[in-house]
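As structure tokens, the structure follows; a few thoughts come after it.
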Amino acid sequence: MEIRLNHLAAETSPYLLQHSSNPVDWYPWTDEVLSLANTKNKLLIISIGYSTCHWCHVMEEESFSDTEVAKVMNQDFINIKVDREERPDVDQVYMTAAQMMNGSGGWPLNVIALPDGRPVFIGSYMEKDVWTKVLKRFNAHFKSEPEKLYEYAAQVSEGLEEIVPMAGTMQTNAFSLQELEEAMGKWKRNWDTQWGGDQATEKFMLPVKMKFLLKYAVMLGDKDAYKQVMLTLDKMALGGIFDHIGGGFFRYATDYKWQVPHFEKMLYDNAQMIDLYVNAYKASKDSKYRNVVYATFSFLENNMANGKGGYYVAIDADSDGEEGRFYLWNDEELQNVLGVELDNFSKVFNTLKVKLDDEGEGYVLQPVETDSVLSKRLDVATEELLKNKQKWKRLLLERRDKRVKPLTDKKVISSWNAQLASAYIEAYMAFGDETFLKRGIAIHKFIKENLMNGNQLYHSYISKQVGNKGFLEDYAFYINMLINLFRATTDLTYLDEARHVLERTNALFYDAKKGFYNFVSEDELITQVIKLDDGVNPSPNAVMAQNLLQLGNIYFDKDYKNKGKTMLVHIQSELGEYLPYYTLWASELLNFMADSYEVAIIGDEAKSMLKDINKTYLPNALIVGSPKNCPIAIFEDRYTEGGTYIYICQENMCKLPMEKVELAIKQIQENYEEN
């Protein structure tokens, strides 16, 4: 039978191509298609998903591949498919609308909208019969009572406009440490103190939250917060949400014990988890956190690196027609691979059997306990235990690699790669391993050569083609990466580029009236998007506030610092009620509520001193160095030939210089309390 391709056939997005042979007459998101809906006066279906989304696959199979459903969609609607990874702006607008209309959202995100794009219905996965009934009902309403749909759409649009913050209507007084502690008290009541994370039936890792808690715990001596962070990290590292055979973290856990994952792997998750476990290692010096970093690094290098410096976005949950099939094991497979060693293996690994659907079931392999506990309980030397575990993993990985592998979405996204580069740089500074720094530098080079054209940064790259113009998140994380590269290398070219890109970002995205940055540079959607809260990724506006404050302190630039501080002041009213969703903001505010420092190391030995000081967890210090005389404000007039000095400053006012790293660390930590 001849397969008729729809309007997605010429796209490069793996997700859109997955739908190119559907009988639904899908279009990509373009101005021309939106005009077509107006010309024909038809409702829009805007279906948003991504290539590794399990329920997107299910709905495609059940509904979008069905000729009868397609007949309804093609006859009465203009149908648009959107890859949320390529168009996070479109996704953000309709996801915000979904949360406002329904209280929640998810993918696939299926929108029924007026010809002008304003939504009148939003749902996630629906069975075929339900989806068909919804379509027929709204089409009937549109033909018989269009004015009611237009009235409802206007209400939704007004609601979306009200969500966009206005600087003049927000709190302007200083947020106090007492208020932050009260907000923490509310959050603590929702902690799962047995299994880690917040109380929930499903658990997402959300590293930005844990990273803030660690900073809060160390700076303010909060033993409960410190205990909760380490408990959460331990449970995640031991749970099925971590791939103990091939490395890397899955997207989320379907249970509260972190045992049964949803099996897709995302680059942004693994980038942030590396950063989180690096910080946990620096704070605790516990080698198990270091091991997680290296295992995740190995996974990324073996499975998601494109060989040219960039990293792919995701690996699917499904393979061979089943979710998790690539990762699950049965008794026969384990016996065939491990043979007589299966008994010893079963004492170390918890073979938890799960049933994912009508067909798929198997064991999710995860350790029973940490290596140190297992070594004592089994009366086996730690070295022997580790040797056996490595052998078992190698055997299982060799067998697993012979299976049908899940799809890898080979897009490269600027913001996600920049996050990974920053995580690798943090790992380099913690461990002193040059491999991490080389990878971070290579990512920067890839983005600059393939996703940058003059002043224009692009969001995505695939098949030697760039996608949409960059969004705020791309610029924000790119600047942050450049600052981190400078912190690690003392190379001023990174700092110069960071300032140049920051000025470009201000010109493209900053809205002085609102006091924040718009998500897109052009107002072409039904409402402008301002992303303030943290989601699976930190808020790009919070990242920009961090960038402004760091560059402001390095250059002594009052405009940068005032702009960053103003953003913090305007957002702080949200922290009292919604602290867990604004933790990067809270992390920056904490720098003003408690003692924080700018540390400048100047002199011939600056690089070696930087390596030494960066091995210590100092979340309240921006540490930079220069091995030579430098005109940049934080270093200016401080170079002395033949000597290397450490200047510890607050708000650009510096104490007397010192020559010993140990004394500098002690002075920075002097207000910490023991955890």
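Per my numbering, residue -19 is the first one in the sequence shown, and the count goes up by one each step. In this text, a Cβ means the ideal position worked out from N, Cα and C, and glycines have one as well.
By the criterion of a C-beta distance shorter than 6 angstroms, N430 is surrounded in its chain by Y441, once the five residues flanking it on both sides are discounted. Taking a contact to require three or more Cβ pairs closer than 8 angstroms, the stretch 370 to 380 and the stretch 276 to 289 do not qualify as touching.
For P637 against Y625, the beta-carbon gap comes to about 4 angstroms, under 8 angstroms, which counts as contact. Counting only runs of 3 or more residues that sit fully inside the stretch 430 to 509, the beta strand (DSSP E) segments are 440 to 442, in chain order.
With respect to M199, L570 sits close: the two C-beta atoms are nearer than 8 angstroms. Every unbroken stretch of the alpha helix (DSSP H) spanning 4 or more residues and falling wholly within the stretch 242 to 281 is given here in chain order: 247 to 264.
By a beta-carbon distance limit of 8 angstroms, I645 contacts I593. Their separation comes to about 6 angstroms. In the same chain as E639, and ignoring 5 residues on each side of it, the C-beta atoms closer than 8 angstroms to its own belong to G623, T624, Y625, I626, in chain order.
Along the stretch 7 to 60, the alpha helix (DSSP H) occurs as fully enclosed runs of 4 or more residues at 11 to 20, 34 to 39, 47 to 56, listed in sequence order. It is roughly 48 angstroms from the alpha-carbon of N651 to the alpha-carbon of E138. Each of P347, D46, G177 was checked against the Cα of K207, and the nearest Cα belongs to G177.
Annotation: the continuous alpha helix (DSSP H) that includes N521 extends over 520 to 535. For K538, no pairing in a beta bridge is given by DSSP. Residue pairing from DSSP places D63 in a beta bridge opposite G29. Excluding five sequence positions before and after V328, the CB atoms of its chain that fall closer than 7 angstroms to its own CB belong to P347, V348, L354, K369, given in chain order. Using a C-beta cut-off of 8 angstroms, the stretch 409 to 422 makes no contact with the stretch 360 to 375, since fewer than three inter-stretch Cβ pairs fall below that distance. At a Cβ-Cβ threshold of 8 angstroms, V52 and K116 count as neighbours. In this structure, the alpha-carbon of W309 lies about 16 angstroms from that of H242. E341 carries a strand assignment under DSSP once its states are collapsed to helix, strand and coil. Around the beta-carbon of E125, fewer than 16 other beta-carbon atoms lie within 10 Å, marking it exposed. By the Cβ criterion, the stretch 520 to 533 is in contact with the stretch 443 to 456, since at least three pairs of Cβ atoms, one from each stretch, lie closer than 8 angstroms. The beta-carbon separation of T507 and E141, rounded to 6 angstroms, stays under the 8 angstroms limit for a contact. Boundaries for E650: no alpha helix (DSSP H) harbours it, and the DSSP string shows neither H nor E there.
In this structure, the CA atom of G226 is about 8 angstroms from the CA atom of K373. The DSSP-derived three-state label of Q346 is strand. Within the model, the alpha-carbon separation for I628 versus F411 is close to 24 angstroms. Taking C-beta atoms as the reference points, V209 and M185 fail to come closer than 8 angstroms. Ranking L590, M164, G495 by CA distance to the CA of D204 puts M164 first.
The shortest C-alpha to C-alpha distance from Q(-2) to any of T620, V38, N18, L24 is the one to V38. Secondary-structure assignment with DSSP links L89 through a beta bridge to I28. Closest in C-alpha terms to F489, from the list M461, L482, S501, H480, comes S501. In the DSSP assignment, the residues bridged to Q630 are M633. Residue state for N330 is assigned as strand, using DSSP reduced to three classes.
For A580, no alpha helix (DSSP H) run applies; the uninterrupted beta strand (DSSP E) run containing it begins and ends at 577 to 583, by DSSP.
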